Amino acid sequence: MLSTLILLYALDTGQIPVGCYVAAWVFTIIKGICLVIKCLVDLSDD
0 MLSTLILLYA
10 LDTGQIPVGC
20 YVAAWVFTII
30 KGICLVIKCL
40 VDLSDD
């Protein structure tokens, strides 16, 4: 969701700096890594 907000802000300002794309991808990757870790922890508890 944070990456979506960053991209929406960039589109709203009319200028899309490369940093916004980088930040959006970084947050998306971090979210994916956290999701994988959470799934692994849930599986190991069973």
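No gaps in the numbering here: position 34 of the sequence shown is 33 in numbering that gives the first Met the number 0, and each next residue is one more. No residue lacks a Cβ here, since even glycine has one placed at the ideal position from N, Cα and C. All values reported here derive from a predicted model rather than from experimental measurement.
If you draw a straight line from the C-alpha of residue i to the C-alpha of residue j, how long is it?
i	j	result
Y20	I32	18 Å
A23	V40	26 Å
S2	K37	20 Å
G18	S43	37 Å
V35	I28	11 Å
F26	L7	14 Å
Under the rule that 16 or more other beta-carbon atoms within 10 Å means buried, what is residue i, buried or exposed?
i	result
K5	Note that residue 5 is Ile in the sequence shown here, rather than Lys. Classification for I5: buried.
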